[in-house]
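>
Protein chains in written order, with this note's numbering: chain Z, 230 to 511; chain A, 11 to 712.
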């Protein structure tokens, strides 16, 4: 029995190492493209670069435009502002709406939840044409504020759904006890419910941030001013009609993905709890 | 003044210098904005009518007629001096007798040759064929010639060389011609002899030439900037076709500065556009940007004369066929791409390719449906509203007054208000507009009401057989298969890995878990491009593995099954971490003592899994499965970027088909909206059915 289980453990580890290798393999190719000074192609299964150079990273990170402005720095700033604001706005709207949907009785509640799911079913690209006209009427075209509002609202259905599921799992007794102690409804929400929902808040924040950080179709369509371009829009420039600068694209892709990965790893404990709690409330 | 363009590198530098000169001379400030080429056209057509566009923009003349229809270009007659430019460049900019914009530079194809491997360029195809065998070593990935074989722009010189015509006397596109068959046979023979590489992309051409593995390359002036300094090369005109005696004449493209009619300073905008096309600006364009000026005077400059690249392209441009700026030309690309790829991938004989392209052309070239009267539709809508109101009013009056029944309603309104307002304006309104668009036909900026004609065309599969890739039913079946296979793989793999990660004897659990969620953290358009590279026929790592294992390399995107499999592999890689994390969380909530009790009762692992794990996971997994399947159903990026619908659009799913109708086939927004509405109803129906069957949506909605 002991021997068998030792064998099983070895097989388990070997299997997982294989799966991880397969998972990381494509990512290694991107690293190879970013690090290889020349873009020579050959039929090879080896994902390790034969020559290492940081010139693509240098070109992406330290390029200056003709006016001497640091391109990457500005795009990073724009991306951070947009993604940060999207997270704050989206989370604020989602948390309060989800709390109301979880705790209050009001007409249209069931219908509203259904409608949220339904919005996920209409292809987003086709809403672009009307969205453009609406933003122009609201004078929100070509502004980071408009972009933030679009991102925040488009991530709302998923955020509300997830947060509401989590709130449903929190016992009401705590809130009732707080009310007994003389807390106002606002205090109950801010001081009792929100701290308890921290894992779900972390995960929702991560998703809102990620949506805004990675998006480029809307950003490329709605922004007309190079000083407001976000990182993914900047990245698109390396994939042109006539020439594709794969090395720079790969280096840029790694730079863009790095913060999201870091956030993922920082929040991964919460991820497991926060994502599923909604479903397992039985 | 605002100027939009899509230049990069040296070309951008030349433009910046010219704009600075203009500022010096006139005191007018010029704001430049560089936008990637594939986005620029759509941005222009969206921005200028809304009054937020540029004063001047630089674009290829190819879309001129559609720009003119949309009213986003101003005629330059009266301001332009036509004699300053090459005659064919000015001709390319004329529509119905008027000239639009100012020609800047000429683009066409020529032959780049590596002077070490090819001392003298071939003058005709006989010489070319004599050279090729000696230069090609397929086992070492060396090729005599390389160009983007699947792109009709590059095939056109072969077609014209064989005397093929693209348009008949009436101006309609023709594909089923002798010249077409012969040109396709010729190219296919080159590929079968392995003188040219397969599935060639621009990036591949560049790296082959820079590694001196391609002795000759067909490309345009932009290619010069891509060549490594170590490679010595020359540029010559494309060889003459020895069988017909005709030159292999490429398309001529004219880049021009166009003036927007919405500009607040029209005279200054005209002055800027004119300034860019002549004099110092055109010399800068040639010397700094190494573009081929359309302005004849630029060639008097000694620096320009000495540049052999520019003089070679100037000659090539003189023999080139100006690309028609008609709407008809815009309809040629997709059918020709289909035919070219079908022949090169071996699925279709060259003799049948013309008919294939012609069928596709007719299917895409939809006639405008007759106008319908909106009155019956409005009446039905009003009736539905009244009926809905009556239904609500008919409900038995609540026993309790509203206030007592919903004591929190005021607070609920405050809490949900901001979210509801945002959703109404930015989600609900576009949604309703999007749905109503499906009742319209869009052509060149104007909408006409056609009622249900779009739906009738789609559902009756007009123009193609039901079993053909363009038919709604075919695409629907592919989409459903795509969704099913993906969801099953996501859940299966995710659950399996979650269970392995739960194993108590596992070491380094945290490390494994972190590594396995990496795919989720990478933006999916990067993932898609990366996997497309892995699946390349000659240089992809997947085929590298197959060769290592002693197998034949597979041409992934030439058959439906392998192309579909490539898409599925990519999306599985992308999607399993989400399900794994959901399953991990759900597994955590299963009390451990259930397993201990089962262990005591002597239940095997398998029985434990089936009797304990699965039933308890169900409530957590079902909502994730429903949401996951909705996402997969509309997973546009993967399909569009990995297989691109190859072969022949058969791996397209409904949402990518809708995208093509909206943005790649003359902007048929109404038809695309009808597709989207059908997608919407399919998903709505599907979620209703699952809700009935499993009541899972109750979990979702509480």
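A virtual CB, placed ideally from N, CA and C, is assigned to each residue, including glycine.
For residue 501 of chain Z, would you say it is in contact with chain A, using Cβ-to-Cβ distances shorter than 7 Å as the test?
Start at 1 with the first residue of the first chain, and residue 501 of chain Z comes out as number 272. Yes, contact with chain A.
> Would you say the segment 587-604 of chain A touches the segment 464-474 of chain A, given that touching needs at least three Cβ pairs under 8 Å?
No: the two stretches stay apart, fewer than three of their Cβ pairs being nearer than 8 Å.
> Can you name the residues of chain Z whose CB is closer than 7 Å to the CB of residue 422 of chain A?
As a position in the second chain, residue 422 of chain A is number 412, starting the count at 1. Ordered by position in chain Z, the residues that pass the 7 Å Cβ test against residue 422 of chain A are 329, 333 and 335.
> Report the three-state DSSP secondary structure of residue 259 of chain Z (helix, strand or coil).
In the first chain, counting from the first residue as 1, residue 259 of chain Z sits at position 30. Three-state DSSP puts residue 259 of chain Z in a helix.
> Rounded to whole angstroms, what is the Cα-Cα separation between residue 380 of chain A and residue 335 of chain Z?
Here residue 380 of chain A is taken as the residue at index 370 of the second chain, counted from 1. Here residue 335 of chain Z is taken as the residue at index 106 of the first chain, counted from 1. If I take the Cα positions, the gap works out to 47 Å.
> Rounded to whole angstroms, what's the CA-CA distance from residue 75 of chain A to residue 237 of chain A? Just pull it up for me.
Stepping through the second chain from its first residue, residue 75 of chain A is reached at position 65. Stepping through the second chain from its first residue, residue 237 of chain A is reached at position 227. If you take the alpha carbons of residue 75 of chain A and residue 237 of chain A, they lie about 34 Å apart.
> Apply the 10 Å Cβ neighbour rule to residue 476 of chain A and answer buried if 16 or more other Cβ atoms are within range, or exposed otherwise.
Here residue 476 of chain A is taken as the residue at index 466 of the second chain, counted from 1. So residue 476 of chain A counts as exposed.
> Just confirm the distance between the C-beta atoms of residue 296 of chain A and residue 314 of chain A, as a whole number of angstroms; I'd bet it's less than 8 Å.
Taking the second chain and counting its residues from 1, the one referred to as residue 296 of chain A is at position 286. Taking the second chain and counting its residues from 1, the one referred to as residue 314 of chain A is at position 304. 5 Å between Cβ atoms; contact.
> In whole angstroms, what is the alpha-carbon distance linking residue 707 of chain A and residue 454 of chain A?
Sequence index remark: in the second chain, residue 707 of chain A carries index 697 (1-based). Sequence index remark: in the second chain, residue 454 of chain A carries index 444 (1-based). The pLDDT assigned to residue 707 of chain A is 46, lower than 50, so where the model puts this residue is not dependable, and the model offers no usable value.
> Taking Cβ positions, are residue 328 of chain A and residue 114 of chain A nearer each other than 7 Å?
For this step, residue 328 of chain A is matched to residue 318 along the second chain. For this step, residue 114 of chain A is matched to residue 104 along the second chain. Cβ distance not < 7 Å, so residue 328 of chain A and residue 114 of chain A don't count as in contact.
> Starting from residue 156 of chain A, follow its DSSP beta bridges and name the residues at the other end.
If you number the second chain from 1, residue 156 of chain A lands on position 146. According to DSSP, which records beta bridges pairwise, residue 156 of chain A is partnered with A:227.
> Return the chain-ordered list of same chain residues with a C-beta closer than 6 Å to the C-beta of residue 279 of chain Z, the five sequence neighbours on each side being excluded.
For the purposes of this step, residue 279 of chain Z is taken as the residue at position 50 of the first chain. Here the set comprises nothing.
> Report the residues of the segment 296-330 of chain Z with a CB closer than 8 Å to any CB of chain A, ordered along the chain.
Within the segment 296-330 of chain Z, the qualifying residues are 321, 322, 323, 325, 326, 328, 329 and 330.
> Return the residues of the segment 73-98 of chain A that lie within a Cβ-Cβ distance of less than 7 Å from chain Z, sorted by chain order.
Answer set for the segment 73-98 of chain A: empty.
> Which stretch, first to last residue, makes up the alpha helix (DSSP H) that contains residue 151 of chain A?
Translated into positions along the second chain, residue 151 of chain A becomes position 141. Here residue 151 of chain A belongs to no alpha helix (DSSP H), and DSSP marks it neither H nor E.
> Of all the options A:112, A:376 and A:133, which has the alpha carbon lying nearest to the alpha carbon of residue 281 of chain A?
Counting from 1 along the second chain, the entry for residue 281 of chain A is found at position 271. Among A:112, A:376 and A:133, the Cα nearest to that of residue 281 of chain A is on A:112.
> Is there a Cβ of chain Z sitting closer than 7 Å to that of residue 693 of chain A, yes or no?
Along the second chain, one-based indexing puts residue 693 of chain A at 683. Yes - at least one Cβ of chain Z is within 7 Å of the one on residue 693 of chain A.
> Are the CB atoms of residue 444 of chain A and residue 355 of chain Z nearer to each other than 7 Å?
Position 434 of the second chain holds residue 444 of chain A. Position 126 of the first chain holds residue 355 of chain Z. In this structure, residue 355 of chain Z lies closer than 7 Å to residue 444 of chain A by Cβ.
> In chain A, what lies closer than 8 Å to residue 361 of chain Z by C-beta?
The residue you call residue 361 of chain Z lines up with position 132 of the first chain. Chain A residues near residue 361 of chain Z: 56 and 60.
> Report the three-state DSSP secondary structure of residue 711 of chain A (helix, strand or coil).
As a position in the second chain, residue 711 of chain A is number 701, starting the count at 1. The predicted model places residue 711 of chain A with a pLDDT of 46, which falls under 50 and marks its position as unreliable; any figure quoted below should be read in that light. Helix at residue 711 of chain A.
> Within 10 angstroms of its Cβ, does residue 718 of chain A collect 16 or more other Cβ (buried), or is it exposed?
Beyond the ends of chain A as shown, which are 11 and 712, falls residue 718 of chain A; an answer cannot be given.
> So, does the CB of residue 426 of chain A fall closer than 7 Å to a CB anywhere in chain B?
No chain B is present in this structure, whose protein chains are Z and A.
> Candidates Z:352, Z:381, Z:286 and Z:244: which alpha carbon is nearest residue 321 of chain Z's?
Working through the first chain from its first residue, we reach residue 321 of chain Z at position 92. Ranking Z:352, Z:381, Z:286 and Z:244 by Cα distance to residue 321 of chain Z puts Z:381 first.
> Give me the chain Z residues within the contact set of residue 439 of chain A, using Cβ-Cβ distance strictly less than 9 Å, ordered along the chain.
Mapped onto the second chain, residue 439 of chain A falls at position 429. Those are 359, 360 and 363, listed as they occur along chain Z.
> What three-state label does DSSP hand residue 334 of chain A in the structure shown?
The count along the second chain starts at 1 and reaches residue 334 of chain A at position 324. Reduced to three states, the DSSP call for residue 334 of chain A is coil.
> Count the other CB atoms, across all protein chains shown, that sit within 10 Å of the CB of residue 396 of chain A; report buried if there are 16 or more and exposed otherwise.
As a first step, residue 396 of chain A is located in the second chain; it is residue number 386 there, counting from the start. The residue in question, residue 396 of chain A, is exposed, as its Cβ has fewer than 16 Cβ neighbours within 10 Å.
> Can you find at least 3 beta carbon pairs, one from the segment 420-433 of chain Z and one from the segment 386-404 of chain Z, that sit closer than 8 Å?
Segments in contact, yes.
> If residue 422 of chain Z sits next to residue 408 of chain Z, beta carbons under 8 Å apart, how far is it from one beta carbon to the other, in whole angstroms?
The residue labelled residue 422 of chain Z in the question sits at position 193 within the first chain. The residue labelled residue 408 of chain Z in the question sits at position 179 within the first chain. Actually they do not touch by this definition, with Cβ atoms about 12 Å apart.
> Would you mind reading off the limits of the beta strand (DSSP E) that contains residue 196 of chain A?
By 1-based counting over the second chain, the position of residue 196 of chain A is 186. Unbroken run through residue 196 of chain A is the alpha helix (DSSP H), 188-202; no beta strand (DSSP E).
> When DSSP builds the beta bridges, which residues end up paired with residue 75 of chain A?
Mapped onto the second chain, residue 75 of chain A falls at position 65. DSSP, once it has assigned bridges, lists no residue as partnering residue 75 of chain A.
> Against residue 39 of chain A, what residues of chain Z qualify as contacts under a CB-to-CB distance less than 7 Å, listed in chain order?
By 1-based counting over the second chain, the position of residue 39 of chain A is 29. Going along chain Z, no residue has its Cβ under 7 Å from residue 39 of chain A, so there is no contact; the nearest lies around 12 Å.
> Answer yes or no: do residue 323 of chain A and residue 231 of chain A have a C-beta to C-beta separation smaller than 7 Å?
Taking the first residue of the second chain as position 1, residue 323 of chain A is located at position 313. Taking the first residue of the second chain as position 1, residue 231 of chain A is located at position 221. Cβ distance < 7 Å, so residue 323 of chain A and residue 231 of chain A count as in contact.
> Over what stretch of residues does the alpha helix (DSSP H) that includes residue 353 of chain A continue unbroken?
Stepping through the second chain from its first residue, residue 353 of chain A is reached at position 343. Taken as a continuous stretch (DSSP letters only), the alpha helix (DSSP H) holding residue 353 of chain A covers 343-354.
> Tell me where the alpha helix (DSSP H) around residue 299 of chain Z begins and ends.
The sequence position of residue 299 of chain Z within the first chain is 70, counting from 1. Per DSSP, residue 299 of chain Z belongs to no alpha helix (DSSP H) and is neither H nor E.
> Keeping to the same chain, check which residues put their C-beta closer than 7 Å to that of residue 212 of chain A; ignore five residues upstream and five downstream.
In the second chain, counting from the first residue as 1, residue 212 of chain A sits at position 202. Excluding positions up to five away in sequence, the list reads 158.
> Can you pull the chain A residues whose beta carbon is under 8 Å from the beta carbon of residue 248 of chain Z, in chain order?
Reading the first chain from its first residue, position 19 is the one you call residue 248 of chain Z. Ordered by position in chain A, the residues that pass the 8 Å Cβ test against residue 248 of chain Z are 507 and 526.
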